[in-house]
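As structure tokens, the structure follows; a few thoughts come after it.
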Amino acid sequence: MSAAVQAYRPLYLPYRFITPSSDLYGYAEALVMAAKERAKPNEERLPGYTDSALPLLEKQILDKRPLYPWLEKLQLSWSLSKAREYLGVDDADTQLLLGKESPEQLAERLVSQTRLADPDYRRQLWEGGLQAIEASKDPLIQYALKLEPRQRALKRQVDENYQGPLTAAGGKLAGARFAAYGNALYPDATFTLRISYGQVKGWTERGKAVPYATTMGGTFDRATGSAPFDLPTAFAANRKAIDPATTYDFVTTNDIIGGNSGSPVIDRSGAVIGAAFDGNIHSLGGNYGYDPALNRTVVVSTDAVQEALEKLYPAPALVAELKAR
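In the numbering used here, the protein residues as written are -1 to 323.
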């Protein structure tokens, strides 16, 4: 095991769970971090908070968007529950996250009492800077202020002990690949246009063939009535209307890593047949090497999207627009 991985292991769980998951908490964290970073000279700020990056961050924070309190409470309580589960009840980071409240109690209090759903209030905090943030009585802002020192410390440790060495090693690997292959290989996902070629094909897992596709009918075959195999309401209500043979997801041999999600999958005739959204477990090593026998891209098919828009979540105007193209 590499020194970088050994150093990262004791940091992974607190680094993973010290930031609760919720759109409203995301606003609070961004406002707190931005206020503290903007108080520094530009060259001393963390990535994402420099003068060149602030306009996009400001837009993301201040744009109006629908928020649903019930969903915010659910997301926040779930992530806090998972933190307690993985870190342990007596862990210092768990105590920092929860204090004496349960995940459900904390989520209920923070979401019910915050004003951050109001973009005008978010603007006040953004424009007021650090002074406005520190003077705010909003419970989510106060919560984010409490977590920020620990989040910052963990990030620094991860950057020094893991991300830095990993980035340096990645640079050496990229140099070796370029020395060996030159520009004959396509680049990894860099948010610039790239095209990779592959075929629809399953793989073999522990001696058993994994089929290349799943069907919408398979949703009902796996349903047990209990999470995570409980049926969405729309599926249960429209079972007879759904064509069970409709391809739901399929896999291809395209080389995929993080950053490719959402990419269109195009067949040989030029038709869009799906959108890449994941990879199988074996694709996790794709940052370093591609194994054509095992690495697979997971694609949601356009047939499934069409079936859903027509029968599960009717959107006739959108369906008409798609058929017109």
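Positions of the beta carbon are idealized from the N, C-alpha and C atoms, including for glycine.
Query: Proximity winner among N278, R266, G24, relative to Q58 (alpha-carbon distances); Result: G24
Query: Straight-line gap, G260 to A273 (C-alpha atoms, nearest Å); Result: 5 Å
Query: Pair within 8 Å by beta-carbon distance, R107 and P137; Result: yes
Query: Where the alpha helix (DSSP H) containing F275 begins and where it ends; Result: Unbroken run through F275 is the beta strand (DSSP E), 270 to 277; no alpha helix (DSSP H).
Query: Identity of the residues DSSP links to S299 by a beta bridge; Result: G272
Query: Separation of D228 from T222, as counted between CA atoms; Result: 6 Å
Query: Endpoints, the beta strand (DSSP E) within which F248 is located; Result: 245 to 250
Query: Element boundaries [beta strand (DSSP E), containing T213]; Result: 211 to 213
Query: Host alpha helix (DSSP H) of V30 (start-end); Result: 21 to 36
Query: Expected contact under 8 Å - CB spacing of R148 and L94 to nearest Å; Result: 6 Å
Query: Inter-residue spacing [alpha-carbon to alpha-carbon] between S79 and Y179; Result: 47 Å
Query: Cβ neighbours of L114 in the same chain (closer than 7 Å, five flanking residues each side left out); Result: L22, Y25, A26, R120, D136, L138
Query: Start-to-end residues for the alpha helix (DSSP H) that takes in K321; Result: 314 to 322
Query: Contact set for A130: own chain, Cβ-Cβ below 6 Å, skip 5 residues either direction; Result: L123
Query: Run of the beta strand (DSSP E) containing T222, from where it starts to where it stops; Result: Note, T222: premise wrong, no beta strand (DSSP E); not H, not E.
Query: Those residues which DSSP pairs with T202 across a bridge; Result: A207
Query: Same chain, Cβ closer than 8 Å to L183, five either side skipped, listed in chain order; Result: R175
Query: Residue burial classification, M(-1) (beta-carbon count within 10 angstroms, cutoff 16); Result: In this predicted model, M(-1) has a pLDDT of only 43, less than 50, meaning its place in the structure is not dependable enough to derive any value.
Query: Inter-residue spacing [alpha-carbon to alpha-carbon] between A324 and A207; Result: Nothing in the structure corresponds to residue 324, since the chain is present only between -1 and 323.
Query: Residues of its chain near V249, where Cβ-Cβ distance is below 6 Å and the 5 sequence neighbours each way are ignored; Result: Y210, R294, V296
Query: Distance between S224 and L52 (C-alpha atoms, nearest Å); Result: 44 Å
Query: Collapsed DSSP secondary structure at I131 in the structure displayed; Result: helix
Query: Proximity below 8 Å, CB of L69 to CB of R82; Result: no
Query: C-alpha distance - A302 paired with N159, whole-angstrom precision; Result: 44 Å
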